[in-house]
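Peer 1:
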Amino acid sequence: MSPVMIETNAIADIRATITENRLISSDISIITLECPEIAAAAKPGNFVNIKVSESTQPLLRRPFSIHNVRGSAIDIMVKSIGSGTAIFSNSVAGTSMMVLGPLGNSFNTSGQNFDTAILLSGGVGTAPMLFLERALALDQKTVINLVGGRTKEDLIAPGLTNLMFATDDGSAGFRGNVVELLESVLPTLETKGGLKVFACGPNPMLKALAGCCRQHHIPCELSLESVMGCGIGICYGCSVEINTPDGSTRTLLLCKEGPVIDAELFVL
Ligand SMILES: Cc1cc2nc3c(=O)[nH]c(=O)nc-3n(C[C@H](O)[C@H](O)[C@H](O)COP(=O)(O)OP(=O)(O)OC[C@H]3O[C@@H](n4cnc5c(N)ncnc54)[C@H](O)[C@@H]3O)c2cc1C
Ligand code: FES
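Going left to right, the sequence shown walks through residues 1 to 268 as our numbering numbers them.
1) Is it the case that the CB of L224 approaches a heavy atom of ligand 2 more closely than 7 Å?
2) Using a 10 Å radius around the Cβ and a threshold of 16 neighbouring Cβ atoms, would you call R15 buried or exposed?
3) At the 8 Å Cβ level, is C235 part of the contact set with chain D, yes or no?
4) With S91 and I18 assumed to form a contact (beta carbons below 8 Å), what rounded beta-carbon distance in angstroms separates them?
5) Check C220 in the structure and name its three-state DSSP category.
6) For a quick check, are the C-beta atoms of T116 and G193 less than 8 Å apart?
7) Please list, in chain order, all residues of the same chain as L136 whose beta carbon is under 6 Å from its beta carbon, the five residues on each side excluded.
8) Is it the case that the segment 85-99 contacts the segment 166-177, given that we only count it when at least three CB pairs across the two stretches are under 8 Å?
9) Using a Cβ-Cβ cutoff of less than 6 Å, which residues in the same chain neighbour F150 once the five nearest sequence positions on both sides are dropped?
10) Could you tell me whether any non-hydrogen atom of ligand 2 is closer than 7 Å to the CB of G237?
11) Count the other CB atoms, across all protein chains shown, that sit within 10 Å of the CB of N203; report buried if there are 16 or more and exposed otherwise.
12) On a Cα-Cα basis, can you pick out the residue from D246, I242, G247, K256 that is closest to C235?
13) Do L189 and A199 come within 8 Å of each other at the CB atom, strictly closer than that value?
14) I'd like to confirm something about M97: is its beta-carbon nearer than 7 Å to some heavy atom of ligand 3, or not?
15) In the segment 175-238, which residue ranges form an unbroken alpha helix (DSSP H) of at least 4 residues, counting only runs that do not cross its ends?
16) For T161 and L155, what's the separation of their Cα atoms in angstroms?
17) Opposite D51 in the DSSP bridges: which residues?
18) What span of residues does the beta strand (DSSP E) with G149 cover, start to end?
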């Protein structure tokens, strides 16, 4: 069983200015923040913790994956689901806010044990995939994106290439969930150098995927989510149970030792 990857980033807490806010669906925006220190240190899978308001509402920062890095700016893909994400989504260009990052570990894109990467995501879990796809392409890997949603209206994949879609209602692409789509394409994939799966999305999807990858002996990394507070290992608000090599379980702080874990460690 592979160990959890632990990395130390050069973390900065900076006042960043929004330079662009683009609505890409009814409730999802891509927000560009000018923050050179974070952009320079960021790796795919890292996240930032953002104080979306100057007031005490909400009091705590909110965590977001780094969707893309463009020069000295980072893009965040945000889905409005509550008070914090609503304030962030409605923030216009020129607004500034405190951004802490890059935080957490990152996807391991470089190994020699694969030449084809399957990027599997659902909903706003697609957020880290563009930055990841770009890094994998630099490492000369072939990338296939599998993106799932309940209906075609839920499918979001800005900038991603080599795409296949799955929808629960069959309104676009494969009828079924995105893990079933993976199961259906696996026999058709011819790779000399091996496969590796990278995923981010809702927990039930990740659970099904971890089971599928174990069954087919495919290496897989999952980016998990939890409610977070500090983002830097102090508040213990982000603890999740993971498997250990000796067959027991232990607590992992997702903000420090995650959000990316080896799928073997996911408790099914
Ligand atoms: C490492 C990491 C990366 C993330 N990346 C992104 C991203 O790129 N884009 C994005 O839109 N969101 C991302 N999220 C989720 C995002 O942080 C939450 O949606 C946000 O904190 C909710 O804040 P809120 O004030 O709008 O909602 P709240 O008012 O706090 O909550 C509204 C509802 O959503 C639930 N909720 C809150 N946080 C989460 C969560 N993390 N997972 C599931 N349900 C939650 C609450 O229980 C509540 O029911 C990420 C979370 C983590 C931990
Ligand atoms: S969010 Fe505070 S310890 Fe992880």
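We put the beta carbon where it would ideally sit given N, CA and C, even for glycine. In this text, all values refer to a predicted model and were calculated from it rather than measured experimentally.
Peer 2: According to the data block:
1) Flag unset: Cβ of L224 not near ligand 2.
2) exposed
3) Reference to chain D is not applicable here, since this structure consists of a single protein chain.
4) Correct: roughly 6 Å between the Cβ atoms.
5) strand
6) Contact: yes.
7) T109, A117, V143
8) no
9) According to the sequence displayed, residue 150 carries Arg and not Phe. Here the set comprises D168.
10) yes
11) Burial call: exposed.
12) By alpha-carbon distance to C235, the top candidate from D246, I242, G247, K256 is K256.
13) no
14) By its list of ligands, the structure shown excludes ligand 3, since it contains just ligand 1 and ligand 2.
15) The segment 175-238 contains these whole alpha helix (DSSP H) runs: 178-185, 203-216.
16) Straight-line Cα distance between these residues: approximately 14 Å.
17) Note that residue 51 is Lys in the sequence shown here, rather than Asp. Paired residue(s): M98.
18) 142-149
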